[in-house]
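Trainee:
Number of protein chains: 2
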Amino acid sequence: MELTRRQEAILGIVKAEGPITSEQIAERLNVARATLRPDLALLTMAGLLEARPRVGYYYTGKSPYEVVANKIRRYRVKDLHSRPVVVSVETTVYDALITLFLEDVGTLFVVREGGFLEGVVSRKDFLKLAFGGQDFRSVPVSVIMTRRPHVITTTPEESAWEAARKIVVHEVDALPVVEPAASGQDLLVVGRFSKTNVTRLFVEMGEGR
Amino acid sequence: MELTRRQEAILGIVKAEGPITSEQIAERLNVARATLRPDLALLTMAGLLEARPRVGYYYTGKSPYEVVANKIRRYRVKDLHSRPVVVSVETTVYDALITLFLEDVGTLFVVREGGFLEGVVSRKDFLKLAFGGQDFRSVPVSVIMTRRPHVITTTPEESAWEAARKIVVHEVDALPVVEPAASGQDLLVVGRFSKTNVTRLFVEMGEGR
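Protein chains in written order, with full-length UniProt numbering: chain U, 1 to 209; chain L, 1 to 209.
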């Protein structure tokens, strides 16, 4: 939300001196009370100010950015995630790498029969093995993957913002989107949520969509 | 911006019937004109409606999302970018890979003396070489890099949104932030703008910062 200079001034006064009546604010700004009415209405509706009868306006502690923040937090992972690219735990690193190239993704999810999550393998894991000079054909992907329970996951219902926060905090590129399996501890892999999904959303939001 | 049900109703009426006076809108909604005043003020200030004297309110064609879009487009690359991690064109793939691990980045910028951009090399480029079974120690990084002029770049002054759009459209993870060198065609590498920067910004925006 774009605030005008006068609205910024009102916010500043209420922050410093609130609770304060509209008469007092009008006095400080040297304008008529009626002039301020639309500004005060706007600031109140935007949630930046609150008005208490017989007390006056006070600052709610929310920033104008909160409006944007609220919109951002409303996206769910399920609105944005991509289809998961999975390999079996028995796959060799060589075959997993072929899948990585063919599907052109940065992260593969490693599953056992039934699609249950066992681990995650990223470009970085492959590079470490290559650096060690080991033969890709003899090593199963399970040797280089990050294993549950060390894998950071998200769910379809989680907010995209919370999932993005996990990506930043844990310094990973992608999260498996999982749902608990009927069987209890197991996690069914249903999607992939990555920095790419966040970047796409950012671009779309900037287009006003 | 969160619109109330009444504000949505007003928008709908103006969209369908505008230009329309506040008296007519009040009639449609069966409320007093005074009741609508703060709503109309808010919708006008948010840029969703415009008021023309003696004509009435009309719809500007902007969506409520435009408010968020405008905020997003105001960030510049220079507000967000990271320090660049560079290697020289003469570096071997082996030494470049060590830099990649030590600095824990996904993309290196390849420069010649003076810090001028020659190319970009990503984890994917390294993996392709590893897949081919070639010796990392004998190959210079310039063999596997993407060369100028095929490198997609951004500048400190470009909007973060436009840079993010380049990342999505060209399917890359990071862009070198460059400034034209005094010498003419050359580009000085001054930063790195990646999906990580966008994801961090997204998280910060969701925190209301």
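The beta carbon of each residue, even a glycine, is placed where N, CA and C say it ideally should be.
Kindly identify the DSSP beta-bridge partner or partners of L/Val86.
Mentor: DSSP, once it has assigned bridges, lists L/Phe109 as partnering L/Val86.
Trainee: L/Tyr59 bridges to which residues according to DSSP?
Mentor: L/Leu49
Trainee: How big is the Cα-Cα spacing for U/Glu157 and U/Leu36?
Mentor: 42 Å
Trainee: I need the DSSP call for L/Ala181, collapsed to helix, strand or coil.
Mentor: coil
Trainee: Assign L/Glu8 to one of two classes, buried (16 or more other C-beta atoms within 10 Å of its C-beta) or exposed (fewer than that).
Mentor: By the neighbour-count rule (16 or more Cβ atoms within 10 Å), L/Glu8 is not buried but exposed.
Trainee: Could you name the residues of chain U that L/Glu207 contacts, counting a contact when the two beta carbons are closer than 7 Å?
Mentor: Per Cβ cutoff of 7 Å: Ala69.
Trainee: Pull up the distance between the alpha-carbon of L/Leu117 and that of L/Val141, whole angstroms please.
Mentor: The straight-line gap from Cα to Cα measures roughly 13 Å.
Trainee: For chain L, find out if any of its Cβ atoms is closer than 8 Å to the Cβ of U/Val77; answer yes or no.
Mentor: no
Trainee: Are the CB atoms of U/Gly191 and U/Arg76 within a distance shorter than 8 Å?
Mentor: no
Trainee: The beta strand (DSSP E) that contains U/Phe136, what's its start and end?
Mentor: Looking at the DSSP string, U/Phe136 is not in any beta strand (DSSP E), and its letter there is neither H nor E.
Trainee: In whole angstroms, what is the alpha-carbon distance linking L/Val85 and U/Leu187?
Mentor: 38 Å
Trainee: Measuring only between beta-carbons, confirm whether L/Val203 sits less than 8 Å from chain U.
Mentor: yes
Trainee: Expressed to the nearest angstrom, what Euclidean distance is found between the alpha-carbon atoms of L/Pro180 and L/Val121?
Mentor: 21 Å
Trainee: In chain U, which residues lie with their C-beta within 7 Å of the C-beta of L/Ala164?
Mentor: Thr199, Phe202, Val203
Trainee: Tell me the residue span of the beta strand (DSSP E) that contains U/Leu80.
Mentor: Here U/Leu80 belongs to no beta strand (DSSP E), and DSSP marks it neither H nor E.
Trainee: Could you spell out the range, first to last residue, of the alpha helix (DSSP H) harbouring U/Arg123?
Mentor: Boundaries of the alpha helix (DSSP H) around U/Arg123: 123-131.
Trainee: Below 8 Å between beta carbons: does that hold for L/Arg123 and U/Arg123?
Mentor: yes
Trainee: Could you please tell me which residues of the stretch 35-48 of chain U, in chain order, have their CB closer than 9 Å to any CB of chain L?
Mentor: Arg37, Pro38, Asp39, Leu40, Ala41, Leu42, Thr44, Met45, Ala46, Gly47
Trainee: So, under 8 Å CB-CB, L/Ala160 and U/Thr199 are touching, yes? Tell me the CB distance rounded to an integer number of Å.
Mentor: So it is not a contact: roughly 10 Å between Cβ atoms.
Trainee: Determine which residues of the stretch 179-198 of chain L have a Cβ less than 7 Å from any Cβ of chain A, and write them out in chain order.
Mentor: Although the question refers to chain A, the structure presented lacks it and instead comprises the protein chains U and L.
Trainee: Looking at the C-beta of U/Lys15, does it have a partner C-beta in chain L at a distance below 8 Å?
Mentor: no
Trainee: Just to confirm my understanding: we take U/Asp39, look at its own chain, exclude 5 residues before and 5 after, and list those with CB closer than 7 Å. What are they?
Mentor: Arg6, Gln7, Ile10
Trainee: So for U/Ala174, helix, strand or coil by DSSP?
Mentor: strand
Trainee: Determine the burial state of U/Phe126: buried for a count of at least 16 other Cβ atoms within 10 Å of its Cβ, exposed for fewer.
Mentor: U/Phe126 is buried by the Cβ-count criterion.
Trainee: Spatial neighbours of L/Ile152 within its chain, please: CB distance less than 7 Å, with the 5 preceding and 5 following residues excluded, ordered by chain position.
Mentor: Lys166, His170, Val172, Leu175
Trainee: Could you give the uninterrupted runs of the alpha helix (DSSP H) lying entirely in the stretch 23-49 of chain U, keeping only those of 4 residues or more?
Mentor: 33-45
Trainee: Cβ of L/Phe109 less than 8 Å from any chain U Cβ?
Mentor: no
Trainee: So, helix, strand or coil for L/Gly18, using DSSP?
Mentor: coil
Trainee: What three-state label does DSSP hand U/Glu207 in the structure shown?
Mentor: coil
Trainee: Mind listing the chain U neighbours of L/Phe126? Cutoff is C-beta to C-beta under 8 Å, in chain order.
Mentor: Leu127, Ala130
Trainee: Would L/Thr4 be called buried (16 or more neighbouring beta carbons within 10 Å of its own) or exposed?
Mentor: By the C-beta density criterion, L/Thr4 is exposed, having fewer than 16 other C-beta atoms within 10 angstroms.
Trainee: Quick one: which residues of the stretch 78-99 of chain L get their C-beta closer than 9 Å to a C-beta of chain U? List them in chain order.
Mentor: Tyr94, Leu97, Ile98
Trainee: Is L/Leu117 helix, strand or coil when you go by DSSP?
Mentor: Here L/Leu117 carries a strand assignment [DSSP, helix/strand/coil].
Trainee: In angstroms, rounded to a whole number, what distance separates the CA positions of U/Glu103 and L/Ile98?
Mentor: 27 Å
Trainee: Let's test the definition: count the other Cβ atoms within 10 Å of the Cβ of U/Ala182 and tell me whether it reaches 16, buried, or not, exposed.
Mentor: exposed
Trainee: Does any C-beta atom of chain U lie closer than 8 Å to the C-beta of L/Arg137?
Mentor: no
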